[in-house]
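Only one structure is covered here, and it is reproduced in the block below.
In our numbering, the protein residues as written are 1 to 457.
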(Lines of atoms letter the chains of each structure in order from A; the text may use other names.)
(Lines give C-alpha, C1' and ligand atoms only; values in the text may rest on other atoms or scores of the structure.)
Protein backbone atom coordinates (compact mmCIF):
# COMPACT_ATOMS: atom_id res chain seq x y z
CA UNK A 1 0.00 0.00 0.00
CA UNK A 2 1.42 3.40 -1.00
CA UNK A 3 2.13 5.65 1.95
CA UNK A 4 0.26 8.99 1.97
CA UNK A 5 2.52 12.01 1.84
CA UNK A 6 3.07 14.30 4.79
CA UNK A 7 0.51 17.11 4.81
CA UNK A 8 2.31 20.44 4.70
CA UNK A 9 -0.78 22.62 4.40
CA UNK A 10 -4.05 23.13 6.23
CA UNK A 11 -7.27 23.64 4.30
CA UNK A 12 -9.72 26.21 5.63
CA UNK A 13 -13.27 26.94 4.53
CA UNK A 14 -13.50 30.73 4.28
CA UNK A 15 -17.27 30.56 4.05
CA UNK A 16 -17.84 28.52 7.22
CA UNK A 17 -14.62 29.70 8.93
CA UNK A 18 -13.67 26.10 9.74
CA UNK A 19 -10.52 23.95 9.41
CA UNK A 20 -10.82 21.01 7.02
CA UNK A 21 -9.14 17.62 6.91
CA UNK A 22 -9.79 17.36 3.18
CA UNK A 23 -9.88 19.93 0.40
CA UNK A 24 -13.63 20.47 0.21
CA UNK A 25 -16.06 21.61 2.90
CA UNK A 26 -19.47 20.03 3.38
CA UNK A 27 -20.94 23.35 2.18
CA UNK A 28 -19.30 22.70 -1.20
CA UNK A 29 -16.63 25.39 -0.95
CA UNK A 30 -13.01 24.58 -1.71
CA UNK A 31 -10.70 25.07 1.24
CA UNK A 32 -8.06 27.79 1.09
CA UNK A 33 -4.51 26.56 1.68
CA UNK A 34 -2.53 27.69 4.73
CA UNK A 35 1.16 26.66 4.61
CA UNK A 36 2.46 24.97 7.76
CA UNK A 37 5.90 24.87 9.29
CA UNK A 38 7.88 21.74 10.25
CA UNK A 39 7.11 19.28 11.69
CA UNK A 40 3.69 20.26 10.20
CA UNK A 41 1.64 19.09 13.19
CA UNK A 42 -1.54 20.89 14.20
CA UNK A 43 -3.42 20.73 17.46
CA UNK A 44 -6.44 22.54 18.85
CA UNK A 45 -5.94 25.16 21.54
CA UNK A 46 -7.89 23.75 24.48
CA UNK A 47 -9.02 25.03 27.88
CA UNK A 48 -5.88 26.39 29.52
CA UNK A 49 -4.34 27.43 26.20
CA UNK A 50 -7.43 29.47 25.35
CA UNK A 51 -7.30 31.11 28.78
CA UNK A 52 -3.62 31.91 28.23
CA UNK A 53 -4.28 33.55 24.86
CA UNK A 54 -7.15 35.60 26.28
CA UNK A 55 -5.00 36.72 29.19
CA UNK A 56 -2.11 37.78 26.96
CA UNK A 57 -4.42 39.65 24.59
CA UNK A 58 -6.19 41.40 27.46
CA UNK A 59 -2.94 42.43 29.11
CA UNK A 60 -1.30 43.76 25.96
CA UNK A 61 -4.17 44.94 23.78
CA UNK A 62 -7.13 45.43 26.10
CA UNK A 63 -9.31 42.72 24.56
CA UNK A 64 -9.88 39.01 24.98
CA UNK A 65 -11.76 38.68 21.70
CA UNK A 66 -10.66 35.41 20.11
CA UNK A 67 -12.60 32.82 18.08
CA UNK A 68 -13.63 29.47 19.53
CA UNK A 69 -11.46 27.58 17.04
CA UNK A 70 -7.73 28.16 17.30
CA UNK A 71 -4.97 25.83 16.15
CA UNK A 72 -1.32 25.61 17.14
CA UNK A 73 1.39 24.67 14.61
CA UNK A 74 4.43 23.76 16.71
CA UNK A 75 7.67 25.18 15.31
CA UNK A 76 11.31 25.22 16.35
CA UNK A 77 12.59 27.48 19.09
CA UNK A 78 14.50 27.62 22.37
CA UNK A 79 11.34 26.52 24.18
CA UNK A 80 7.65 26.43 23.37
CA UNK A 81 7.02 28.23 20.09
CA UNK A 82 3.70 27.96 18.28
CA UNK A 83 2.37 29.52 15.11
CA UNK A 84 -1.25 30.39 15.87
CA UNK A 85 -3.86 29.75 13.19
CA UNK A 86 -7.33 31.26 13.52
CA UNK A 87 -9.99 32.70 11.22
CA UNK A 88 -8.26 31.09 8.25
CA UNK A 89 -4.97 32.96 8.66
CA UNK A 90 -1.70 32.70 10.54
CA UNK A 91 -2.89 34.76 13.49
CA UNK A 92 0.41 35.22 15.27
CA UNK A 93 3.06 33.47 17.32
CA UNK A 94 3.10 32.29 20.94
CA UNK A 95 6.56 32.08 22.52
CA UNK A 96 7.74 31.02 25.96
CA UNK A 97 10.94 32.60 27.29
CA UNK A 98 12.70 30.24 29.74
CA UNK A 99 14.81 33.14 31.05
CA UNK A 100 11.91 35.31 32.21
CA UNK A 101 9.47 32.42 32.60
CA UNK A 102 6.84 34.33 30.62
CA UNK A 103 4.88 34.13 27.37
CA UNK A 104 4.75 36.60 24.51
CA UNK A 105 1.93 36.84 21.97
CA UNK A 106 3.08 38.38 18.71
CA UNK A 107 0.17 39.22 16.38
CA UNK A 108 0.35 39.01 12.60
CA UNK A 109 -0.87 41.62 10.15
CA UNK A 110 -3.68 39.28 9.09
CA UNK A 111 -4.94 39.01 12.68
CA UNK A 112 -5.83 42.71 12.61
CA UNK A 113 -8.68 42.06 10.17
CA UNK A 114 -10.74 40.50 12.95
CA UNK A 115 -9.08 42.02 16.04
CA UNK A 116 -8.61 45.69 15.20
CA UNK A 117 -12.14 46.86 16.15
CA UNK A 118 -11.61 45.45 19.66
CA UNK A 119 -8.05 46.60 20.42
CA UNK A 120 -7.95 49.44 22.96
CA UNK A 121 -4.29 49.64 23.94
CA UNK A 122 -0.81 48.57 22.89
CA UNK A 123 -1.04 50.93 19.90
CA UNK A 124 1.97 52.99 18.81
CA UNK A 125 1.23 55.90 16.47
CA UNK A 126 4.05 56.58 14.03
CA UNK A 127 2.10 58.89 11.73
CA UNK A 128 4.53 61.80 12.10
CA UNK A 129 7.64 59.69 11.67
CA UNK A 130 6.11 57.96 8.67
CA UNK A 131 5.37 61.32 7.02
CA UNK A 132 9.01 62.34 7.45
CA UNK A 133 10.23 59.09 5.93
CA UNK A 134 7.82 59.45 2.99
CA UNK A 135 9.32 62.87 2.29
CA UNK A 136 12.67 61.16 2.10
CA UNK A 137 11.18 58.45 -0.17
CA UNK A 138 11.71 55.81 2.52
CA UNK A 139 9.19 53.17 3.53
CA UNK A 140 8.71 52.33 7.20
CA UNK A 141 7.90 48.64 6.70
CA UNK A 142 10.82 46.65 8.09
CA UNK A 143 12.41 49.82 9.52
CA UNK A 144 12.99 51.11 13.05
CA UNK A 145 11.14 54.28 14.00
CA UNK A 146 11.85 56.38 17.09
CA UNK A 147 8.71 56.89 19.20
CA UNK A 148 7.66 58.40 22.50
CA UNK A 149 5.37 56.08 24.42
CA UNK A 150 4.81 54.66 27.90
CA UNK A 151 4.09 51.20 26.49
CA UNK A 152 6.50 48.55 27.75
CA UNK A 153 8.84 46.71 25.40
CA UNK A 154 7.29 43.97 23.31
CA UNK A 155 4.85 43.42 20.44
CA UNK A 156 2.65 46.37 19.50
CA UNK A 157 0.07 47.43 16.97
CA UNK A 158 1.39 50.23 14.77
CA UNK A 159 -0.70 53.04 13.32
CA UNK A 160 0.29 55.44 10.58
CA UNK A 161 -2.68 57.55 9.52
CA UNK A 162 -5.18 55.17 7.93
CA UNK A 163 -2.70 52.32 7.82
CA UNK A 164 -2.25 49.70 10.52
CA UNK A 165 0.37 47.09 11.18
CA UNK A 166 2.42 45.24 13.74
CA UNK A 167 5.83 45.81 15.23
CA UNK A 168 8.22 45.24 18.10
CA UNK A 169 8.87 48.06 20.56
CA UNK A 170 12.24 48.18 22.26
CA UNK A 171 13.79 51.06 24.19
CA UNK A 172 12.03 53.91 22.41
CA UNK A 173 12.14 52.43 18.93
CA UNK A 174 9.54 50.37 17.13
CA UNK A 175 10.59 48.00 14.38
CA UNK A 176 7.66 47.98 11.97
CA UNK A 177 7.21 44.45 10.65
CA UNK A 178 4.36 45.11 8.26
CA UNK A 179 1.89 47.92 7.69
CA UNK A 180 -0.90 48.71 5.25
CA UNK A 181 -4.62 49.19 4.78
CA UNK A 182 -6.64 46.79 6.92
CA UNK A 183 -10.09 45.73 5.78
CA UNK A 184 -11.82 44.56 8.95
CA UNK A 185 -14.18 41.60 8.71
CA UNK A 186 -16.95 40.16 10.85
CA UNK A 187 -16.56 36.40 10.62
CA UNK A 188 -18.77 33.56 11.87
CA UNK A 189 -17.53 32.02 15.13
CA UNK A 190 -18.29 28.28 14.87
CA UNK A 191 -17.56 25.73 17.59
CA UNK A 192 -15.43 22.60 17.48
CA UNK A 193 -18.67 20.65 17.31
CA UNK A 194 -19.37 22.28 13.95
CA UNK A 195 -15.82 21.47 12.83
CA UNK A 196 -16.49 17.82 13.60
CA UNK A 197 -19.71 17.88 11.58
CA UNK A 198 -18.13 19.31 8.42
CA UNK A 199 -15.29 16.77 8.64
CA UNK A 200 -17.35 13.63 9.35
CA UNK A 201 -16.85 12.15 5.88
CA UNK A 202 -13.07 12.51 6.15
CA UNK A 203 -13.11 11.12 9.69
CA UNK A 204 -15.05 8.07 8.51
CA UNK A 205 -12.44 7.50 5.81
CA UNK A 206 -9.62 7.77 8.34
CA UNK A 207 -11.34 5.31 10.67
CA UNK A 208 -12.10 2.85 7.86
CA UNK A 209 -8.49 2.90 6.65
CA UNK A 210 -7.04 2.50 10.15
CA UNK A 211 -9.36 -0.35 11.14
CA UNK A 212 -8.64 -2.15 7.86
CA UNK A 213 -4.90 -1.77 8.47
CA UNK A 214 -5.20 -3.22 11.99
CA UNK A 215 -7.21 -6.19 10.72
CA UNK A 216 -4.61 -6.84 8.01
CA UNK A 217 -1.90 -7.31 10.63
CA UNK A 218 -3.58 -8.36 13.88
CA UNK A 219 -3.05 -12.05 13.07
CA UNK A 220 0.62 -11.70 12.09
CA UNK A 221 1.47 -13.03 15.56
CA UNK A 222 -0.50 -15.41 17.85
CA UNK A 223 -1.99 -12.59 19.92
CA UNK A 224 -2.63 -8.86 19.59
CA UNK A 225 -2.82 -6.00 22.07
CA UNK A 226 -2.73 -2.23 22.39
CA UNK A 227 0.05 -0.26 24.06
CA UNK A 228 -1.85 2.35 26.07
CA UNK A 229 -0.01 5.31 27.58
CA UNK A 230 -2.95 7.44 28.67
CA UNK A 231 -2.20 9.97 25.92
CA UNK A 232 -4.50 11.12 23.14
CA UNK A 233 -2.85 9.03 20.41
CA UNK A 234 -3.04 5.74 22.29
CA UNK A 235 -6.61 6.63 23.27
CA UNK A 236 -7.49 6.84 19.58
CA UNK A 237 -5.76 3.57 18.67
CA UNK A 238 -7.46 1.85 21.60
CA UNK A 239 -10.82 2.86 20.12
CA UNK A 240 -9.75 1.81 16.60
CA UNK A 241 -8.35 -1.51 17.81
CA UNK A 242 -11.55 -2.31 19.67
CA UNK A 243 -13.48 -1.63 16.48
CA UNK A 244 -11.09 -4.01 14.69
CA UNK A 245 -11.73 -6.72 17.29
CA UNK A 246 -8.73 -6.36 19.63
CA UNK A 247 -9.74 -6.20 23.29
CA UNK A 248 -6.43 -6.65 25.14
CA UNK A 249 -4.45 -3.60 26.18
CA UNK A 250 -1.67 -2.89 28.63
CA UNK A 251 -0.36 0.17 30.44
CA UNK A 252 3.09 0.62 31.95
CA UNK A 253 3.04 2.53 35.22
CA UNK A 254 6.53 3.99 35.55
CA UNK A 255 5.79 5.26 39.04
CA UNK A 256 6.36 8.79 37.75
CA UNK A 257 3.02 9.32 36.02
CA UNK A 258 0.79 12.33 36.55
CA UNK A 259 -2.04 11.52 39.00
CA UNK A 260 -4.50 12.56 36.27
CA UNK A 261 -3.04 9.92 33.94
CA UNK A 262 -3.25 7.15 36.53
CA UNK A 263 -6.89 8.03 37.21
CA UNK A 264 -7.69 8.20 33.49
CA UNK A 265 -6.16 4.77 32.84
CA UNK A 266 -8.34 3.33 35.59
CA UNK A 267 -11.45 5.02 34.17
CA UNK A 268 -10.62 3.67 30.70
CA UNK A 269 -10.76 0.11 32.01
CA UNK A 270 -7.24 -1.05 31.15
CA UNK A 271 -6.96 -4.33 33.01
CA UNK A 272 -3.27 -5.10 32.52
CA UNK A 273 -1.08 -2.62 34.39
CA UNK A 274 2.63 -3.43 34.21
CA UNK A 275 4.64 -1.98 37.06
CA UNK A 276 7.81 -0.29 35.91
CA UNK A 277 11.12 -0.12 37.75
CA UNK A 278 12.11 2.12 40.64
CA UNK A 279 13.15 5.50 39.26
CA UNK A 280 14.57 6.86 42.51
CA UNK A 281 16.69 3.75 42.92
CA UNK A 282 17.88 3.69 39.31
CA UNK A 283 18.82 7.37 39.19
CA UNK A 284 21.51 6.71 41.80
CA UNK A 285 23.14 4.30 39.37
CA UNK A 286 22.48 5.94 35.99
CA UNK A 287 22.54 9.65 36.92
CA UNK A 288 20.00 12.10 35.52
CA UNK A 289 17.93 10.99 32.53
CA UNK A 290 18.59 13.28 29.56
CA UNK A 291 17.13 13.89 26.15
CA UNK A 292 20.27 12.33 24.70
CA UNK A 293 20.46 9.57 27.33
CA UNK A 294 16.96 8.41 28.16
CA UNK A 295 17.86 5.31 30.12
CA UNK A 296 14.61 5.82 32.01
CA UNK A 297 12.53 4.70 29.02
CA UNK A 298 14.41 1.42 28.82
CA UNK A 299 14.42 0.78 32.57
CA UNK A 300 10.90 1.92 33.39
CA UNK A 301 9.00 1.02 30.20
CA UNK A 302 10.73 -1.19 27.66
CA UNK A 303 12.30 -3.73 30.02
CA UNK A 304 9.14 -4.35 32.09
CA UNK A 305 7.18 -4.99 28.86
CA UNK A 306 9.92 -7.28 27.58
CA UNK A 307 9.83 -9.27 30.82
CA UNK A 308 6.05 -9.55 30.63
CA UNK A 309 6.04 -10.65 26.98
CA UNK A 310 8.72 -13.25 27.67
CA UNK A 311 5.98 -15.04 29.62
CA UNK A 312 3.15 -14.19 27.22
CA UNK A 313 4.81 -14.98 23.90
CA UNK A 314 4.92 -13.18 20.51
CA UNK A 315 2.32 -10.52 19.78
CA UNK A 316 1.22 -7.72 17.51
CA UNK A 317 1.08 -4.43 19.39
CA UNK A 318 -0.98 -1.49 18.13
CA UNK A 319 0.76 1.79 18.89
CA UNK A 320 -0.19 5.45 18.59
CA UNK A 321 3.03 6.67 16.99
CA UNK A 322 2.60 9.52 14.51
CA UNK A 323 4.90 11.02 11.86
CA UNK A 324 4.09 14.56 12.92
CA UNK A 325 5.11 14.19 16.57
CA UNK A 326 8.78 14.83 15.89
CA UNK A 327 11.46 14.86 13.22
CA UNK A 328 12.68 11.47 14.47
CA UNK A 329 9.31 9.83 13.87
CA UNK A 330 8.81 11.31 10.40
CA UNK A 331 10.23 8.14 8.79
CA UNK A 332 8.25 5.74 10.97
CA UNK A 333 7.41 2.52 9.07
CA UNK A 334 3.84 1.19 9.36
CA UNK A 335 4.96 -2.26 10.56
CA UNK A 336 8.21 -2.93 12.37
CA UNK A 337 9.63 -5.53 14.70
CA UNK A 338 10.57 -3.97 18.02
CA UNK A 339 14.41 -3.88 17.99
CA UNK A 340 14.47 -4.01 21.79
CA UNK A 341 12.00 -6.88 21.95
CA UNK A 342 11.72 -9.10 18.82
CA UNK A 343 8.67 -10.84 20.31
CA UNK A 344 6.72 -7.66 19.57
CA UNK A 345 5.58 -6.58 16.10
CA UNK A 346 4.57 -2.93 16.31
CA UNK A 347 1.95 -1.50 13.96
CA UNK A 348 1.06 2.20 13.69
CA UNK A 349 -2.41 2.77 12.20
CA UNK A 350 -2.49 6.56 12.78
CA UNK A 351 1.09 7.29 11.66
CA UNK A 352 -0.18 9.83 9.08
CA UNK A 353 -2.65 11.59 11.41
CA UNK A 354 -2.00 15.03 12.81
CA UNK A 355 -3.11 15.98 16.32
CA UNK A 356 -5.99 17.85 14.63
CA UNK A 357 -7.36 14.59 13.23
CA UNK A 358 -6.78 12.88 16.58
CA UNK A 359 -8.90 15.36 18.54
CA UNK A 360 -11.59 15.61 15.87
CA UNK A 361 -11.88 11.82 15.94
CA UNK A 362 -12.13 11.72 19.74
CA UNK A 363 -14.85 14.37 19.68
CA UNK A 364 -16.70 12.64 16.86
CA UNK A 365 -16.72 9.27 18.62
CA UNK A 366 -17.28 10.94 22.02
CA UNK A 367 -14.24 9.20 23.47
CA UNK A 368 -12.99 10.75 26.76
CA UNK A 369 -9.34 11.81 26.82
CA UNK A 370 -6.75 12.66 29.46
CA UNK A 371 -7.69 15.92 31.25
CA UNK A 372 -4.07 17.07 31.14
CA UNK A 373 -4.62 18.28 27.58
CA UNK A 374 -7.26 20.73 28.76
CA UNK A 375 -4.83 21.81 31.49
CA UNK A 376 -2.23 23.06 29.01
CA UNK A 377 -0.06 20.06 28.14
CA UNK A 378 0.78 19.15 24.55
CA UNK A 379 2.05 15.70 25.49
CA UNK A 380 1.41 13.28 28.34
CA UNK A 381 4.23 11.36 30.00
CA UNK A 382 6.19 11.34 33.23
CA UNK A 383 5.80 14.53 35.25
CA UNK A 384 9.54 15.33 35.10
CA UNK A 385 10.51 13.93 31.69
CA UNK A 386 13.71 15.43 30.19
CA UNK A 387 11.80 15.74 26.91
CA UNK A 388 9.58 18.32 28.60
CA UNK A 389 9.91 21.96 27.67
CA UNK A 390 10.52 24.49 30.44
CA UNK A 391 7.03 25.83 29.79
CA UNK A 392 5.63 22.37 30.61
CA UNK A 393 7.81 22.12 33.72
CA UNK A 394 6.45 25.49 34.85
CA UNK A 395 2.89 24.30 34.27
CA UNK A 396 3.61 21.11 36.22
CA UNK A 397 4.77 23.27 39.12
CA UNK A 398 1.49 25.19 39.03
CA UNK A 399 -0.67 22.06 39.04
CA UNK A 400 1.42 19.76 41.25
CA UNK A 401 3.77 21.90 43.36
CA UNK A 402 4.70 19.03 45.70
CA UNK A 403 5.84 16.80 42.84
CA UNK A 404 7.77 19.63 41.22
CA UNK A 405 9.40 20.56 44.54
CA UNK A 406 10.74 17.04 45.01
CA UNK A 407 12.37 17.06 41.59
CA UNK A 408 13.73 20.59 42.00
CA UNK A 409 15.33 19.61 45.31
CA UNK A 410 16.97 16.61 43.67
CA UNK A 411 18.30 18.82 40.85
CA UNK A 412 19.68 21.36 43.34
CA UNK A 413 21.55 18.64 45.21
CA UNK A 414 22.84 17.18 41.94
CA UNK A 415 24.04 20.59 40.71
CA UNK A 416 25.92 21.26 43.94
CA UNK A 417 27.58 17.85 43.81
CA UNK A 418 28.59 18.28 40.16
CA UNK A 419 29.63 21.92 40.71
CA UNK A 420 27.17 23.07 38.07
CA UNK A 421 25.67 26.60 38.33
CA UNK A 422 22.13 26.66 39.69
CA UNK A 423 21.20 28.82 36.71
CA UNK A 424 21.76 25.76 34.49
CA UNK A 425 19.06 23.97 36.44
CA UNK A 426 16.72 26.98 36.35
CA UNK A 427 16.96 27.14 32.54
CA UNK A 428 16.50 23.39 32.11
CA UNK A 429 20.00 22.85 30.71
CA UNK A 430 20.30 19.67 32.79
CA UNK A 431 18.11 17.99 30.13
CA UNK A 432 21.12 17.31 27.85
CA UNK A 433 24.50 15.70 28.29
CA UNK A 434 25.65 17.53 25.17
CA UNK A 435 23.82 20.82 24.71
CA UNK A 436 22.47 21.54 21.21
CA UNK A 437 23.68 24.79 19.61
CA UNK A 438 20.57 26.82 20.49
CA UNK A 439 20.91 25.93 24.18
CA UNK A 440 24.65 26.67 24.21
CA UNK A 441 23.79 30.06 22.73
CA UNK A 442 21.22 30.62 25.48
CA UNK A 443 23.81 29.73 28.12
CA UNK A 444 26.29 32.17 26.56
CA UNK A 445 23.68 34.94 26.55
CA UNK A 446 23.13 34.34 30.26
CA UNK A 447 26.85 34.34 30.99
CA UNK A 448 26.94 30.69 32.04
CA UNK A 449 30.35 29.08 31.57
CA UNK A 450 30.01 25.59 30.11
CA UNK A 451 32.56 22.86 29.52
CA UNK A 452 33.54 22.33 25.91
CA UNK A 453 31.62 19.54 24.15
CA UNK A 454 33.33 16.18 24.40
CA UNK A 455 34.68 14.87 21.11
CA UNK A 456 32.78 11.85 19.86
CA UNK A 457 34.91 8.82 19.19
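Every residue gets a Cβ at the ideal spot worked out from N, C-alpha and C, and that includes glycine.
| Asked | Found |
| --- | --- |
| N- and C-terminal bounds of the beta strand (DSSP E) containing residue 106 | 102-107 |
| Contacting residues, own chain, Cβ-Cβ under 8 Å from residue 372 (five flanking each side not counted) | 258, 260, 261, 380 |
| Residue 8 classed as buried or exposed, judged by whether at least 16 other C-beta atoms fall within 10 angstroms | exposed |
| According to DSSP, residues forming a beta bridge with residue 164 | 159, 180 |
| Residue 30 - DSSP class collapsed to helix/strand/coil | strand |
| Three CB pairs or more closer than 8 Å across the segment 167-179 and the segment 139-148 | yes |
| Three-state secondary structure assigned by DSSP to residue 150 | coil |
| Straight-line Cα distance separating residue 202 from residue 22 | 7 Å |
| Beta-carbon proximity check, residue 14 vs residue 92, cutoff 8 Å | no |
| Buried versus exposed call for residue 225 [16 or more other C-beta atoms within 10 Å across all chains shown] | buried |
| contact_flag[the segment 101-108, the segment 146-155] where n(CB pairs < 8 Å) is 3 or more | yes |
| Per DSSP, the bridge partner or partners of residue 43 | 72 |
| Segment contact, 8 Å Cβ cut-off, at least three pairs: the segment 347-357 with the segment 312-326 | yes |
| Nearest-angstrom Cα separation, counted from residue 256 out to residue 297 | 11 Å |
| Counted within 10 angstroms of its Cβ, other Cβ atoms place residue 357 as buried (16 or more) or exposed | buried |
| Inter-stretch contact (C-beta, 8 Å, three-pair minimum) for the segment 205-217 and the segment 242-252 | yes |
| Three or more C-beta pairs below 8 Å linking the segment 218-234 and the segment 184-191 | no |
| Buried or exposed by the 16-neighbour rule on C-beta atoms within 10 Å, applied to residue 55 | exposed |
| Strand pairing of residue 9, partner residues [DSSP] | 35 |
| Same chain only: Cβ atoms within 7 Å of residue 182, ignoring 5 sequence neighbours per side | 112, 113, 116, 164 |
| Beta-carbon proximity check, residue 291 vs residue 387, cutoff 8 Å | yes |
| Boundaries (first-last residue) of the beta strand (DSSP E) holding residue 226 | 223-227 |
| As assigned by DSSP and simplified to three states, the class of residue 135 | A caution first: residue 135 carries a pLDDT of 42, below 50, which makes its placement in the model unreliable, though a value can still be read off. Residue state, collapsed to three classes: helix. |
| Residue(s) in a DSSP beta bridge with residue 272 | 250 |
| Counted within 10 angstroms of its Cβ, other Cβ atoms place residue 424 as buried (16 or more) or exposed | buried |
| In chain order, each alpha helix (DSSP H) run of at least 4 residues that lies wholly inside the segment 401-436 | 401-418, 422-426 |
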